[in-house]
Amino acid sequence: MTYIEGTVLHIVYRNEENGYTVLELDFNEDLTTAVGSMPHIQPGEYVRLFGAWMEHKTFGRQFKVTGVETSLPKSLESIKLYLSSGLIKGVGEVTAARIVDHFGQDTFDIIENTPELLAQIRGISSMAARRISESFCEHVGLKSLIIDLQNFGMTVKQAVKAYESYGAAASDIIKQNPYRLIDDVRGIGFERADRIAEYIGIDRASTFRVENGIKHVLKLAMGEGNTCLPEQMLIKKASEILGISETLIQNVADRLTLTEQIIKKTYNNIPVVFLSFAYYTETDTARRLYLLNKCAPKIAIRDIEKSYARASSGITLSEEQERAVLCAMENTACIITGGPGTGKTTIINVILNLFEQNGVNAALCAPTGRAAKRMEAATGRSAKTIHRLLEYGNVSQEDDYEYNVPDFMRNEDNPLEAEALIVDEASMIDIFLFRSLLSALSDGTRLIIVGDADQLPSVGPGNVLRDVIESALLPVVKLTHFYRQQGTGNIVENAHRVNNGEKPGLFGTGEFVFKHETQPEGVLEEIKRLLRDGEIAKNYDVLNETQVLCPIKKGMLGVYNLNMELRELLNPLRITAKEAMSQNTLFREGDKVMQIKNNYNKQWFVHNAVSYAQSGFGVFNGDQGRIIKIDPVEKQVTILFDGERETYYDYNELEQIEHAYAITVHKSQGSEFNAVILPLFYGQSPFLTRNLLYTALTRAKEKVVIVGLEKTIEHMVQNNKIQRRYTVLRREIRDIMALFNRQC
1 MTYIEGTVLH IVYRNEENGY TVLELDFNED LTTAVGSMPH IQPGEYVRLF GAWMEHKTFG
61 RQFKVTGVET SLPKSLESIK LYLSSGLIKG VGEVTAARIV DHFGQDTFDI IENTPELLAQ
121 IRGISSMAAR RISESFCEHV GLKSLIIDLQ NFGMTVKQAV KAYESYGAAA SDIIKQNPYR
181 LIDDVRGIGF ERADRIAEYI GIDRASTFRV ENGIKHVLKL AMGEGNTCLP EQMLIKKASE
241 ILGISETLIQ NVADRLTLTE QIIKKTYNNI PVVFLSFAYY TETDTARRLY LLNKCAPKIA
301 IRDIEKSYAR ASSGITLSEE QERAVLCAME NTACIITGGP GTGKTTIINV ILNLFEQNGV
361 NAALCAPTGR AAKRMEAATG RSAKTIHRLL EYGNVSQEDD YEYNVPDFMR NEDNPLEAEA
421 LIVDEASMID IFLFRSLLSA LSDGTRLIIV GDADQLPSVG PGNVLRDVIE SALLPVVKLT
481 HFYRQQGTGN IVENAHRVNN GEKPGLFGTG EFVFKHETQP EGVLEEIKRL LRDGEIAKNY
541 DVLNETQVLC PIKKGMLGVY NLNMELRELL NPLRITAKEA MSQNTLFREG DKVMQIKNNY
601 NKQWFVHNAV SYAQSGFGVF NGDQGRIIKI DPVEKQVTIL FDGERETYYD YNELEQIEHA
661 YAITVHKSQG SEFNAVILPL FYGQSPFLTR NLLYTALTRA KEKVVIVGLE KTIEHMVQNN
721 KIQRRYTVLR REIRDIMALF NRQC
């Protein structure tokens with residue numbers, strides 16, 4: 001194998017996530033560029049690099065590295081360069097020169113074995129000498145460990161985290177049980193741990209593997225919205241994934257139930273299995289909701305009919321709207337559900353007027369920032385996201401499931417001070433957030449849940465709104481009549497037609513437009529035309545007021561491809577635009593992007609022309625923004641969310657970001673856009689459902705353009721199959737109701 005060797009002179013570029021490095025070294029007194037995975041290589045080190053020569057079309061002749069051998073530098077000048085490279089805390093160029101001038105070739109031996117002698121150097125205290133030694137030893141040990149762990153298939157970032165968790169013994173610990181990494185190293189899931197186990201030679205039927213494989217299947221199910229799985233389904237899926245017998249998996253699952261790492265319960269004679277924290281979340285939610293509903297309101301509304309007359313003065317309400325208002329006044333908790341244009345906002349305003357007349361302190365909240373802003377604009381009162389209302393703090397990780405659970409400051413020990421709480425867009429609330437919300441309510445706090453039960457369920461686990469409605473615990477008022485102006489191509493009318501199982505009116509002009517295309521290439525070109533110089537581009541800001549919504553992620557008309565196509569159309573490469581690469585995704589200044597996971601600890605700033613006027617924490621799944629700056633030196637990207645919150649991301653954090661020129665319908669929940677473009681050109685997929693189409697249509701305020709096939713629309717209208725989620729909230733509520741009824 002070809003190799004080159006020499007002293008590293010300069011690190012040109014390094015990806016801290018995977019260790020990919022571009023460096024320059026002195027090879028036979030010739031400045032040579034080498035590229036490849038070379039984690040923690042530092043200027044001054046003497047390296048032997050294995051690989052092959054290649055010719056880069058832009059940068060010329062380079063050496064492509066496939067293997068690395070390193071040794072500490074030997075010449076005095078290279079020792080100085082190594083110490084002053086920044087890897088050892090407290091040692092710069094001046095201090096490095098003083099150390100080497102004093103100790104010469106014994107420098108490394110002194111630092112490692114007798115660091116107290118460093119205090120002889122001017123400017124180095126005894127404490128600083130110890131820190132220099134610790135930093136040096138840590139670097140040398142870490143570099144060796146990283147190279148070892150990379151052979152297991154771990155990234156540099158993951159190897160560093162393993163070192164932080166296990167110390168110098170990390171390699172031995174991982175060899176004994178690589179599945180420990182799932183709990184101890186963020187970013188390593190079962191599949192990565194399983195590949196490491198295979199490399200090491202762990203038995204496929206080992207208890208470690210089977211236990212974590214069972215949990216892995218339950219986590220995958222939670223990622224699809226379930227909180228549990230029927231036992232037989234779990235056993236079958238685990239057997240398929242692990243490639244071992246169902247009998248062995250059943251035996252291990254039984255042992256896991258004994259230690260309550262998983263919970264097994266039986267409903268209607270069907271055994272169901274949960275991760276333990278998911279089970280306790282559902283049961284605790286049922287208990288809290290039942291107890292809240294049984295509490296009498298602390299503050300009664302005096303003379304409801306007279307108060308209602310004053311509160312609704314000048315507002316004409318229908319009979320069902322009046323019923324919704326009175327239901328909210330007479331009960332501790334209730335649900336008001338209905339589609340767009342059914343008057344939910346009007347009802348909320350009347351309820352708020354009633355509360356204010358009677359001195360009831362009411363709070364407003366919604367699951368997303370955009371939904372909270374709409375609520376605030378419609379009511380003229382302050383509204384917050386649920387996370388901000390509950391004052392989230394640190395984030396804890398429960399049983400390693402990817403769904404981060406925030407440590408809210410508002411809880412049962414420090415409840416909200418509001419005497420009434422109105423929650424909008426409730427279909428978006430997952431079971432974990434709903435439980436946190438209930439735990440922050442005092443006994444007797446009025447809870448008014450508002451939402452559209454026909455929308456898609458939450459992105460996170462659970463089916464909260466539908467489960468609570470079907471439990472029959474709370475009084476429910478369903479609004480059926482819509483009041484917005486009707487006419488040719490009316491969006492609201494067509495959304496209700498779809499929801500009722502009727503084909504929408506397809507028009508060539510107006511608010512609701514259908515454009516027939518017989519080929520996917522034609523659909524793509526028509527979307528581009530609409531955004532480039534068509535009716536959308538002429539009437540709307542295509543980046544801030546328009547959204548392309550997709551039912552699928554893959555394929556020519558899926559989110560991934562459309563984002564690349566539309567980015568080159570709407571934000572083409574410019575000489576002045578800087579770019580950043582993350583996990584094979586290229587980001588560019590000016591890109592429209594979306595946060596794809598909750599990050600409760602991410603700080604943001606509201607910036608004005610003078611100073612940072614306000615700051616806070618938390619960027620959440622579905623938040624949209626624009627990349628306003630990329631700094632390749634600091635390896636940092638600045639994103640402006642919602643036109644006001646400025647947030648900074650290191651390159652290795654860009655895995656939390658995706659392009660948002662096109663997004664899935666699910667990700668659009670809680671948002672509204674002036675104009676929506678909806679590509680519908682697919683086969684008779686069971687995932688193309690009525691409520692998916694209904695949800696997409698209700699995201700548009702002024703215009704909808706559907707591009708594709710009429711038969712796809714017809715299929716979606718007829719496909720009223722609601723994808724089943726395995727949850728037990730409804731059943732747990734009913735069991736509690738039955739238990740208390742028997743006791744009474």
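The opening position of the sequence shown corresponds to residue 1 in my numbering, with each subsequent residue numbered one higher. C-beta atoms are modelled at their ideal positions from N, C-alpha and C, and glycine is treated no differently. Source: prediction; values computed, not measured.
Looking at the DSSP output, His40 bridges to nothing.
A distance below 8 Å between beta-carbons, with the five flanking residues on each side excluded, links Glu412 to the following residues of its chain, in chain order: Ser439, Ala440.
Residue environment: Trp604 is assigned as buried (16 or more neighbouring CB atoms within 10 Å of its CB, all protein chains considered).
Residue pairing for Arg446: DSSP places it in a beta bridge opposite Ala420. Restricting attention to alpha helix (DSSP H) runs no shorter than 4 residues, the segment 654-729 encloses them at 690-697, 710-718, ordered along the chain. Going by DSSP, Asp254 is part of the alpha helix (DSSP H) stretching over 246-258.
With 16 or more other Cβ atoms from the protein chains shown falling within 10 Å of its own Cβ, Gln669 counts as buried. Exposure of Asn113 is indicated by the presence of fewer than 16 other C-beta atoms within 10 angstroms of its C-beta. At a Cβ-Cβ threshold of 8 Å, Asp735 and His659 do not count as neighbours.
Less than 8 Å separates the beta-carbon of Ile351 from that of Ile422. Distance from the CA atom of Asp407 to the CA atom of Gln595, rounded to whole angstroms, is 20 Å. DSSP places Pro115 in the helix class (H, G or I) of the three-state scheme. Under the Cβ criterion (8 Å, minimum of three pairs), the segment 706-719 counts as touching the segment 668-683. Beta bridge pairing from DSSP links Lys503 with no other residue.
Assignment of Pro520 by DSSP, reduced to helix, strand and coil, places it in the helix class. Taking C-beta separations shorter than 7 Å and ignoring five residues to either side along the sequence, the partners of Glu579 in its chain run Leu586, Phe587, Arg588, Ile630, following chain order.
Nearest Cα to Asn598 within the set Leu543, Gln656, Lys219: Gln656.
With a 10 Å radius around the Cβ and a threshold of 16 neighbouring Cβ atoms, Thr332 comes out buried.
Counting only residues of its own chain and dropping the five nearest sequence neighbours on each side, Val22 has a CB closer than 6 Å to the CB of Val12, Tyr13, Val35. Taking each of Ile449, Ile431, Ile315 in turn and checking the Cα distance to Cys327, the smallest one comes out for Ile449. Taking a contact to require three or more Cβ pairs closer than 8 Å, the segment 617-632 and the segment 684-694 do not qualify as touching. Here Glu644 is near Val606, since their CB atoms are less than 8 Å apart. Distances from the alpha-carbon of Thr698 to those of Ile722, Lys721, Ser671, His715 put Ser671 closest. Three or more pairs of CB atoms, one per stretch, sit closer than 8 Å, so the segment 510-530 contacts the segment 555-571.
By alpha-carbon distance to Ala472, the top candidate from Gln455, Ala577, Ala537, Ile335 is Ile335. Secondary structure remark: continuous beta strand (DSSP E) runs of at least 3 residues inside the segment 505-567, in chain order: 512-516, 546-550. Nearest neighbour of Pro461 by Cα position, chosen from Arg180, Met54, Phe277, Thr2, turns out to be Phe277. Of the candidates Glu198, Asn691, Lys538, the residue whose Cα lies closest to the Cα of Ser458 is Asn691.
Straight through space, the alpha carbons of Lys667 and Thr727 are spaced by roughly 21 Å. Residue environment analysis places His10 among the exposed positions, since fewer than 16 neighbouring C-beta atoms fall within 10 angstroms of its C-beta.
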